[in-house]
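A.B. asks: I'd like to ask some things about the structure below.
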Amino acid sequence: MRDLLLRGGRIVDPSQGMDAVGDVLLRDGRVEDCGGTLGTPDGAEILECGGLIVAPGLIDVHIHLREPGREDVETVATGAHSAAVGGFTGVCAMPNTKPVTDNQAVVGFVKRQGEAAGFARVYPYGAISVGQRGNTLAEFAEMVDAGAVAFSDDGRPVESAQLMRTALEYARAFNVPIAEHCEDMTLAHGGSMNEGLMSAMLGLKGIPAEAEEIYVIRDILLAKRTGGHIHLCHLSTKGSVELVRWGKERGVNVTAEVCSHHISLTEDAVDGYNTNAKMNPPLRTQADIDALQQGLADGTIDLLVTDHAPHHYDEKEREFADAPNGIVGLETALGINCTYLVHPGVLTLSQLVDAMSCKPARVFHVPGGTLQRGSVGDVTVFDPTRSWTVDPAKFRSKGRNTPYGGYDLQGQARCTVVGGRIVYRAAD
Amino acid sequence: MAGPLGKDLLGLASLSAEQITLVLDTAVPFREISERAIKKVPTLRGATIVNLFFEASTRTRISFEFAEKRLSADTVNVAVAGSSVSKGETLVDTARNLEAMKIDMVVIRHGASGAAKFLAERIESNVINAGDGTNEHPTQGLLDLLTLRSRLGTLAGQRICIVGDVLHSRVARSNIWGLKKLGAEVAVCGPRSLLPNAIGEMGVTVFDRVEQAIEWADALNVLRLQLERMQAGYIPSLREYNRVFGVTRARLERSPRDLIILHPGPMNRGVEIDSDVADGPHSVILEQVTNGVAVRMAVLYLLAGGRPELAEAAKRGGA
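From first to last, the protein sequence lines stand for chains A and B.
When the count follows my numbering, it moves up by one through the first sequence with no breaks and lands on 894 for the last residue.
When the count follows my numbering, it moves up by one through the second sequence with no breaks and lands on 1196 for the last residue.
Here it is as structure tokens:
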């Protein structure tokens, strides 16, 4: 493989405390050197990065790839391609596939499909419980050996506190997080949007914030009891941020993520019964957005994710209450995060890279998240100010379900490098 | 072509006070047609209207059908049972198929909030919402407004309380929007478990006791208490509901004024309303039914591009 020299970009790598113009040299799939002016080795490919940000590759620890089972909606390959276009060099795929990724065979299959596709690295999740049914613990050890990096029953919560306790304890030996979808199903039952003024006006059953928060505090307490690592998925409420803060202050092994849509859109996006604004947890209020942004800024919330959830056009083209939850997000996340977090001054570019690259790698113990010498050659080159208009028809994902169609965003990936190899380069 | 109401009637939330008043004014002369021996005018001759009912309904469907027939439209009733919908056809396909048969209007009743709007955005025909989920039931709201206006003269400054299961009621939402736009003061009264949490933010007063509502109000709109609400655990029992929230004669006698009692039907006698109230002098329940046909005729007429002048002429005639 030819050497790759990323020349003259602004290197933003919080893992080394670096924010300076310089070169990055990749050799044999790894970072050979980083920072300062580097010479051009013979035969090296040169990527001019002047005026652009050069960051350790972005990692999204929460996406849905639908393979196996719903290859009509997304495959590992199309999802990994979509990730690369969005600037992601690594993604963690949730296990709510058909069949459920609850054994080493499916974990291995997803991992191999990712390797064969050759875009972003694909790290499978394993299910916490067999069939995600919430009864019996799935075989963690075998799944870890097959490549699982974390466990989750995402899409639904682990309703039994006892099973969650066991999962947190059992997972300690493998040093992997247990990722929880926080939702009290008895409170959320039948709900299709945030419970509040908008749900009252639209006549839709609401999901109260407490449906999430009750599980947030339950799981924090169980992590406190067991010493296990609880990772709280897609937090959406102010109360959740306060509860995570409470846990971290007490030294609980808790990490948390927030989706790009939850820091940028309120429940008002649902008005007119817009099924592309339907997701679970639902879009909340401005007070929640403010608290989530603040949580990111002060480190209470560790990671930014997409919860990329492709659905077929027909499935969203129906009555609101009957439409499936979720939106695609891989190709819009960087633009949304720059537009709603960096440009208004909520996060510095360094904090953004930390929340989208360094911390995901650290929390999920996956390669990357740094450009230190010797680390994997995963790099994202992006332009944080480049303006573009979201056109879902141009997505590489099979999914078109986004509430951001027609939005003008600032910030876009220009080049994505995985293992020293360019897997995506913006054409324009 | 868009008449004075636009292409569709989806709800009162999206109508202006002027548009609502226009419907009420137009309904007045249509009410007179139903009093004639020959209850038919040629206004919608040649127009095809489909009554598309995904939920069981007797009164609303019959009321629409009378309104359509008295305007000389050709009507087809499609009930969900026995149609291709029960074979798994999507709403959007149903709509497109109807449209391909070159119809002019669709009256839709559907269990999902937003279904009428969904349909309206996807077909050229006029769409009339005959009740969508727990969102709106605009023609019911309009007939309630007409009934109240006929009795009270004006709605501005009048106090109307909606009693019962506001959380699940499309009638309640249409009433709240319409009454507020016409300047009435609106309150709701019911078990807190059957009121939306954010109801106060919609600009209505909340009463926890029906006695307070009766003391405050000029009119009560008493909602049907669905049996399923008890089964779903929202209230302990129908018996207790009647004891706490039931509109009874004994309670009405404590009202300082002549209260007007509305009910959208069908009634659960002895649950939300006692028979001696439903059949008593305060009740305008059958007037509502009569006005329902007139209001629906007015809506059909206006959506078909009918001219507002009819309302003007009616006003000049002193109706």
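For glycine and all other residues, C-beta sits at the position ideal for the given N, C-alpha and C.
In this text, all values refer to a predicted model and were calculated from it rather than measured experimentally.
Classify A/Met-467 as helix, strand or coil using the three-state DSSP reduction.
C.D. replies: Sequence index remark: in the first sequence, residue 467 of chain A carries index 1 (1-based). Here A/Met-467 sits in coil by DSSP.
A.B. asks: For the segment 784–795 of chain A, which residues have a CB atom closer than 7 angstroms to at least one CB atom of chain B, in sequence order?
C.D. replies: Flagged, chain order: Arg-784, Glu-785, Phe-786, Ala-787, Asp-788.
A.B. asks: Consult DSSP for B/Gly-959 and reduce its assignment to one of helix, strand or coil.
C.D. replies: Your numbering for residue 959 of chain B matches position 82 in the second sequence. With a pLDDT of 49 at B/Gly-959, under the threshold of 50, the modelled position of this residue cannot be trusted, and the question is left open.
A.B. asks: CA-CA distance, A/Val-940 and A/Thr-766?
C.D. replies: Limits of chain A in this structure are 467 at one end and 894 at the other, which puts residue 940 of chain A out of reach.
A.B. asks: Whose Cβ in chain B lies nearer than 7 angstroms to the Cβ of A/Gly-705?
C.D. replies: Reading the first sequence from its first residue, position 239 is the one you call residue 705 of chain A. Within chain B, no residue comes near A/Gly-705; the closest Cβ sits about 15 angstroms away, beyond 7 angstroms.
A.B. asks: Measuring only the C-alpha atoms, how far is A/Gly-840 from A/Pro-833?
C.D. replies: Position 374 of the first sequence, counted from the first residue, corresponds to residue 840 of chain A. Position 367 of the first sequence, counted from the first residue, corresponds to residue 833 of chain A. Distance between the alpha carbons of A/Gly-840 and A/Pro-833: 11 angstroms.
A.B. asks: For A/Gln-876, which of A/Met-822, A/Ala-799, A/Glu-514, A/Arg-891 has the nearest alpha-carbon?
C.D. replies: Position 410 of the first sequence holds residue 876 of chain A. Selected option, being the one with the closest Cα: A/Ala-799.
A.B. asks: Just the C-alpha distance for B/Gly-959 and B/Phe-931, rounded to the nearest angstrom, thanks.
C.D. replies: In the second sequence, the residue the question calls residue 959 of chain B occupies position 82. In the second sequence, the residue the question calls residue 931 of chain B occupies position 54. Any reading at B/Gly-959 must be qualified, since the residue scores a pLDDT of 49, below 50, and its modelled position is unreliable; the value itself is stated next. B/Gly-959 and B/Phe-931: Cα-Cα distance of roughly 11 angstroms.
A.B. asks: Is it the case that the Cβ atoms of A/Val-407 and A/Phe-830 are separated by a distance below 8 angstroms?
C.D. replies: Outside the displayed range of chain A (467 to 894) lies residue 407 of chain A, so it cannot be described from this structure.
A.B. asks: Assuming B/Ala-1090 and B/Ala-1061 make a contact with CB atoms under 8 angstroms, what is their CB distance in whole Å?
C.D. replies: What you label residue 1090 of chain B is simply residue 213 of the second sequence in a count that begins at 1. What you label residue 1061 of chain B is simply residue 184 of the second sequence in a count that begins at 1. About 14 angstroms separates the two Cβ atoms, so there is no contact after all.
A.B. asks: By alpha-carbon positions, which one of A/Ile-755, A/Val-736, A/Leu-709 ends up nearest to A/Ser-726?
C.D. replies: By one-based count along the first sequence, residue 726 of chain A stands at place 260. For A/Ser-726, the nearest C-alpha among the options comes from A/Ile-755.
A.B. asks: Under 8 angstroms, CB to CB, which of the residues in the segment 734–754 of chain A have a partner in chain B?
C.D. replies: So the close ones are Gly-738, Tyr-739.
A.B. asks: Kindly identify the DSSP beta-bridge partner or partners of B/Asn-928.
C.D. replies: Here residue 928 of chain B refers to the residue found at position 51 of the second sequence. For B/Asn-928, which the question treats as bridged, DSSP gives the partners B/Asn-954, B/Val-984.
A.B. asks: Quick check on A/His-547: buried or exposed, where buried means 16 or more other Cβ atoms within 10 Å of its Cβ?
C.D. replies: Sequence index remark: in the first sequence, residue 547 of chain A carries index 81 (1-based). Per the 10 Å Cβ criterion, buried.
A.B. asks: With a threshold of 8 angstroms between beta-carbons, can A/Leu-663 be considered close to chain B, or not?
C.D. replies: Looking up residue 663 of chain A in the first sequence gives position 197. It does: the Cβ of A/Leu-663 has a partner Cβ on chain B nearer than 8 angstroms.
A.B. asks: DSSP state of A/Thr-805, grouped into three classes?
C.D. replies: If you number the first sequence from 1, residue 805 of chain A lands on position 339. Correct three-state label for A/Thr-805: helix.
A.B. asks: Counting contacts by CB-CB distance shorter than 8 angstroms, is B/Gly-1195 in contact with chain A?
C.D. replies: Locating residue 1195 of chain B in the second sequence gives position 318, counting from the first residue. Because B/Gly-1195 sits at a pLDDT of 42, beneath the cut-off of 50, its placement in the model cannot be relied upon, and the following sentence gives the value as read from the coordinates. For B/Gly-1195, the answer is no, since every Cβ of chain A falls outside 8 angstroms of its Cβ.
A.B. asks: Following the continuous beta strand (DSSP E) through B/Met-978, name the residue where it begins and the one where it ends.
C.D. replies: The count along the second sequence starts at 1 and reaches residue 978 of chain B at position 101. Counting along the chain, B/Met-978 falls outside any beta strand (DSSP E), and DSSP gives it neither H nor E.
A.B. asks: Could you name the residues that DSSP lists as bridge partners for B/Cys-1038?
C.D. replies: Reading the second sequence from its first residue, position 161 is the one you call residue 1038 of chain B. Paired residues: B/Ala-1064, B/Leu-1097.
A.B. asks: Taking the C-alpha atoms as reference points, what is the distance between A/Ala-973 and A/Arg-493?
C.D. replies: Nothing can be reported for residue 973 of chain A: it is not among the residues displayed for chain A, which extend from 467 to 894.
A.B. asks: Hey, would you say B/Val-1099 sits closer than 8 angstroms to B/Leu-1139, going by beta carbons?
C.D. replies: In the second sequence, the residue the question calls residue 1099 of chain B occupies position 222. In the second sequence, the residue the question calls residue 1139 of chain B occupies position 262. Contact: yes.
A.B. asks: Going along chain A in order, which residues have a C-beta closer than 8 angstroms to the C-beta of B/Ala-989?
C.D. replies: Within the second sequence, numbered from 1, the residue matching residue 989 of chain B stands at position 112. Ordered by position in chain A, the residues that pass the 8 angstroms Cβ test against B/Ala-989 are Glu-785, Phe-786, Ala-787, Asp-788.
A.B. asks: Strictly by DSSP, which residues pair up with A/Tyr-589?
C.D. replies: On the first sequence, position 123 is the one that residue 589 of chain A refers to. A/Tyr-589 pairs with A/Cys-558.
A.B. asks: Excluding the 5 residues flanking A/Tyr-739 on each side, which residues of the same chain have their C-beta closer than 6 angstroms to its C-beta?
C.D. replies: Here residue 739 of chain A refers to the residue found at position 273 when the first sequence is read from its first residue. The residues are Phe-786.
A.B. asks: Short of 6 angstroms in beta carbon distance, which residues of its chain neighbour A/Gly-843, apart from the five on each side in sequence? Order them along the chain.
C.D. replies: Translated into positions along the first sequence, residue 843 of chain A becomes position 377. Taken in chain order, the residues that qualify are Leu-492, Gly-495, Arg-496, Val-497, Gly-885, Gly-886.
A.B. asks: From what residue to what residue does the beta strand (DSSP E) around B/Asp-1009 run?
C.D. replies: The count along the second sequence starts at 1 and reaches residue 1009 of chain B at position 132. Unbroken beta strand (DSSP E) run through B/Asp-1009: 1003–1009.
A.B. asks: Taking contact to mean at least 3 C-beta pairs separated by less than 8 angstroms, is the segment 518–536 of chain A in contact with the segment 551–565 of chain A?
C.D. replies: Flag = yes, the segment 518–536 of chain A and the segment 551–565 of chain A touch.
A.B. asks: For A/Asp-820, does the three-state DSSP call read helix, strand or coil?
C.D. replies: Position 354 of the first sequence, counted from the first residue, corresponds to residue 820 of chain A. If DSSP states are grouped into helix, strand and coil, A/Asp-820 belongs with the helices.
A.B. asks: Which parts of the segment 1092–1170 of chain B are runs of the alpha helix (DSSP H), unbroken and 4 residues or longer, counting only runs that do not cross its ends?
C.D. replies: Whole alpha helix (DSSP H) segments, 4+ residues: 1104–1108, 1115–1122, 1126–1129, 1152–1155.
A.B. asks: With H, G and I counted as helix, E and B as strand and the rest as coil, what does DSSP make of B/Val-918?
C.D. replies: Counting from 1 along the second sequence, the entry for residue 918 of chain B is found at position 41. In the structure shown, B/Val-918 sits in coil (DSSP, three-state: anything other than H, G, I, E or B).
A.B. asks: Could you give the distance in angstroms between the alpha-carbon of A/Gly-597 and the alpha-carbon of A/Lys-564?
C.D. replies: To locate residue 597 of chain A, count along the first sequence from 1; it is residue 131. To locate residue 564 of chain A, count along the first sequence from 1; it is residue 98. So the alpha carbons of these two residues sit roughly 9 angstroms apart.
A.B. asks: Leaving aside the five residues before and after A/Thr-544 along the sequence, list all residues of the same chain whose C-beta is less than 7 angstroms from its C-beta, in chain order.
C.D. replies: In the first sequence, counting from the first residue as 1, residue 544 of chain A sits at position 78. Arg-862, Ser-863, Lys-864, listed in sequence order.
A.B. asks: Quick one: Cα of A/Asp-764 to Cα of A/Arg-784, how far?
C.D. replies: Taking the first sequence and counting its residues from 1, one reaches residue 764 of chain A at position 298. Taking the first sequence and counting its residues from 1, one reaches residue 784 of chain A at position 318. Each residue's alpha carbon lies about 40 angstroms from the other.
A.B. asks: What residues from chain C crowd round B/Lys-994, counting only those whose CB sits closer than 9 angstroms?
C.D. replies: The structure shown has no chain C; the protein chains it does contain are A and B.
A.B. asks: Are the CB atoms of B/Gly-888 and B/Pro-1073 nearer to each other than 8 angstroms?
C.D. replies: Looking up residue 888 of chain B in the second sequence gives position 11. Looking up residue 1073 of chain B in the second sequence gives position 196. No, they are not a contact pair.
A.B. asks: As an exercise, report each continuous beta strand (DSSP E) stretch of at least 3 residues that is fully enclosed by the segment 716–800 of chain A, in chain order.
C.D. replies: Qualifying beta strand (DSSP E) stretches, in chain order: 720–725, 769–771.
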